[in-house]
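Chains as they are written, first to last, in full-length UniProt numbering: chain A, 1 to 499; chain B, 1 to 330.
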């Protein structure tokens, strides 16, 4: 192991590989930060360039793109309310309100530090736990996956804001959207209105572009707001400082661990990790009322969790050959092209390369930190651009982004429709967060539940007789009802004291 | 403008300046000689290949590699455009409806073209296309865990008439692997529960984790788990045995009449003129036969098999008829 580690360090620190990391993180940052251009796209475009490189150099370049692309999704989430990647959706909930209050640089600073720490913890986990954690991933069959995703859905109750009923309506609408497309079990189209475009479901990124960005643009125009009014942003924080993150170190560590655990379960990915970490941070926070209105702690939780996923998701990819998300799937493709077959044997046969991947994750996060520090000050200037100039630019970027996803106008139409839906939701004060969670998790919840029920011949007992699944259901009940029970108990004790 | 340039790079994978320049040239040329699109001039503008799946996947990378190789034989660049969505049917529809002038081609794999029209309402069938070249294929196969009681295909077939219910997994409803399983279980009458997954790798994980008893999928994707001694491939759906799986029989050898494969091919809209197809066929046959391309398909777990325009179309039509028949049986 130690020899492999030394080999890895000697490879990563070759000057050409250092250059590749710097180039890779720069590309990732640009793609991550532009709405509609995703990390997946960036990694795909870089992939052909790795064909001519050695497997090590190729992986190093891809790692740089992947890490910083995942991080950079938070930049647009904070500044223009458009998560560059679905996993930054939770970041927008607090990041954008902070930008509106003129505290964007603080938010960006927390986002950067949380991301880097999350990414580093994840890389270390990959080094030490990969072979061990891989076995756990196999234990996740349909019932366990259902229990986990169902647990994710309970968060809806706590991101609903003031009105729980409005939150539930929003979530149900999201589930309805998630059910559009070809049924995963029977293969029959649902709600497709006879247009085969909808056979594959409503595109998630297109919906996010509509709900978050276009709706907000409509809202700004409606209010005739002048964004230049936020120009005091520089007054509170002038530089990117570690100090910002210090009060939240426990949240960051906890969220990173949540990210790693969820990253190991194949097919779940960064978004559910950031939702669960966000929810946990809110539950244990001293100031839960700030969440959703501009809490730095919320950003710290969401960002450290989704970057905690980055390296961890490679654990099932490398050891089991099951990609945890689309980027991991492309990593898998890159390895195959170099004649390396992922699987249990990879760590035995290709130890040097495995450690190179891990060390390059650490390097990528360090390089990303310094690039982020340089870039954020410039990105922050965006908030000083008058809205009459900025809004049309963002709208154009959004529409082009919606187009590029499948290279068709259908994506643009979906984004515009959901822009209108999102605007109506803002006007009638329906929270969009529950809907977004429902759209992301709806498909997974449905698929795993129906697979489980087929396996059990329709008996729901399958969810309770399997230990891991039972554990998640107990956790779900605990997290959902404990606040109420504690409240009741306190009330009764206080009442008892007075009587 | 910046986004626009970025957009072109995205879809073509070419240096943007070169592409823009060639588009400019192409536009001028077509404006001048718009009327007489003679085969002798072909190609006089860039060729577009529609890939109906997202960038970075197996079909996409294979299509891009083929396009790169084929560019050597044309004076014009070839752009690969991903029109993903709805399991490949969106891109296939676009390709079927494209102008049949040889400038818009289609690179795909079996599912969207040979199975989807039988189970979904899509505005195309195999008859909307004509062949250019077939580049590779992958058979389907069935696999079980190494600790399974079924050591061979015969052990499995012996379950015929028993009360054993087999939990069978596969990569998705209506695909090639699902259809193969359906045909196998229909023919043998073995009892089953059907559990679809979203993608072959998830089905393999479910088999290894003990959540299903048997899966159908490409043997190449199972290689790593086979080498690790965790799963065992019982039979292949190819016409002949594969070198990579010594001793694993085909269904046909064992008396089960199933031959089904996933094919990768380049097609054109059906009304594309013969002369144009002949030019395309010649160049793409050379590209597909190059050692570099063959080596690449092997890394993507495909079996290299180059077929000419006539052969690939015959194969696609035969597959479509076979899958259509199985899918119609309930």
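Note that the Cβ used here is the ideal one computed from N, Cα and C, for glycine as well.
Practice problem: Give me the Cα-Cα distance between residue 361 of chain A and residue 242 of chain B, rounded to the nearest whole angstrom. | Solution: 38 Å
Quiz item: Is the Cβ of residue 329 of chain B closer than 8 Å to any Cβ of chain A?
Solution: no
Quiz item: Ordered along the chain, which non-local residues of its own chain (more than five positions away) have a Cβ less than 8 Å from that of residue 9 of chain A?
Solution: 359
Exercise. Assign residue 274 of chain A to one of two classes, buried (16 or more other C-beta atoms within 10 Å of its C-beta) or exposed (fewer than that).
Key: buried
Practice problem: Can you grab the Cα-Cα spacing for the pair residue 163 of chain B / residue 189 of chain B, in whole Å? | Solution: 11 Å
Exercise. Give the single residue among B:192, B:49, B:325, B:308 whose Cα lies nearest to the Cα of residue 258 of chain B.
Key: B:325
Quiz prompt | Enclosing beta strand (DSSP E) for residue 71 of chain B [first to last residue] | solution = Note, residue 71 of chain B: premise wrong, no beta strand (DSSP E); not H, not E.
Exercise. Run down chain A in chain order and give the residues with a C-beta less than 7 Å from the C-beta of residue 198 of chain B.
Key: 184, 447
Self-check item: Proximal residues of chain B, C-beta to C-beta of residue 197 of chain A below 7 Å
Solution: 85, 86, 90
Self-check item: Close beta carbons around residue 63 of chain B, own chain, < 7 Å, minus the five adjacent residues each side
Solution: 49, 51, 80, 107
Self-check item: Enclosing alpha helix (DSSP H) for residue 80 of chain A [first to last residue]
Solution: 55 to 80
Practice problem: Within 10 angstroms of the Cβ of residue 313 of chain B, are there 16 or more other Cβ atoms? Answer buried if so, exposed if not. | Solution: buried
Quiz item: Hey, is residue 194 of chain A's beta-carbon within less than 8 Å of any beta-carbon in chain B?
Solution: yes
Self-check item: Beta-carbon proximity list for residue 128 of chain B, same chain, < 6 Å, skipping 5 on both sides
Solution: 96, 270
Exercise. Could you tell me whether any Cβ in chain E is nearer than 8 Å to the Cβ of residue 350 of chain A?
Key: Chain labels in this structure do not include chain E; the protein chains are A and B.
Self-check item: Any non-hydrogen atom of the ligand FMN closer than 7 Å to residue 48 of chain B Cβ
Solution: The model depicted lacks the ligand FMN and carries no ligand whatsoever.
Exercise. Pull up the distance between the alpha-carbon of residue 443 of chain A and that of residue 104 of chain A, whole angstroms please.
Key: 34 Å
Self-check item: Near-chain B residues of the segment 41 to 59 of chain A (beta-carbon distance less than 8 Å), N- to C-terminal order
Solution: 41, 43, 44, 45, 47, 48
Exercise. Please compile the residues from chain A whose C-beta is within a distance smaller than 8 Å of the C-beta of residue 163 of chain B.
Key: None at all; the shortest Cβ gap to chain A is about 14 Å.
Quiz item: Can you tell me whether DSSP reads residue 216 of chain B as helix, strand or coil?
Solution: strand
Quiz item: Does residue 168 of chain B have its Cβ less than 8 Å from a Cβ in chain A?
Solution: no
Quiz item: Would DSSP call residue 211 of chain B helix, strand or coil?
Solution: coil
Quiz item: Once you ignore the five residues that flank residue 216 of chain A on each side, which residues in its own chain have a CB closer than 7 Å to its CB?
Solution: 81
Quiz item: Near residue 200 of chain A, what residues of its chain come up, given a Cβ to Cβ distance below 8 Å and the 5 sequence neighbours on each side ignored?
Solution: 181, 182
Quiz item: Using DSSP with H/G/I as helix, E/B as strand and the rest coil, what is residue 492 of chain A?
Solution: helix
Quiz item: Nearest CA to the CA of residue 132 of chain B: which residue from B:46, B:69, B:277?
Solution: B:277
Quiz item: DSSP beta-bridge partners for residue 189 of chain A?
Solution: A:182
Quiz item: Which residues in chain B sit within 8 Å of residue 139 of chain A, going by Cβ to Cβ distance?
Solution: 209
Exercise. Name the one or two DSSP bridge partners that residue 170 of chain B has.
Key: B:196
Quiz prompt | Distance between residue 165 of chain B and residue 284 of chain A (C-alpha atoms, nearest Å) | solution = 47 Å
Quiz item: How is residue 85 of chain B classed by DSSP in three states: helix, strand or coil?
Solution: coil
Practice problem: Could you say if the segment 239 to 255 of chain B and the segment 110 to 119 of chain B meet the contact criterion of at least three C-beta pairs nearer than 8 Å? | Solution: no
Self-check item: is_contact[residue 451 of chain A, chain B] using C-beta, thresh 8 Å
Solution: yes
Quiz item: When DSSP labels each residue in this structure, what does residue 250 of chain B get in the three-state scheme?
Solution: strand
Practice problem: Could you name the residues of chain B that residue 406 of chain A contacts, counting a contact when the two beta carbons are closer than 7 Å? | Solution: 83, 84, 85, 90
Quiz item: So does the segment 260 to 268 of chain B actually touch the segment 289 to 296 of chain B, counting three or more Cβ pairs closer than 8 Å?
Solution: no
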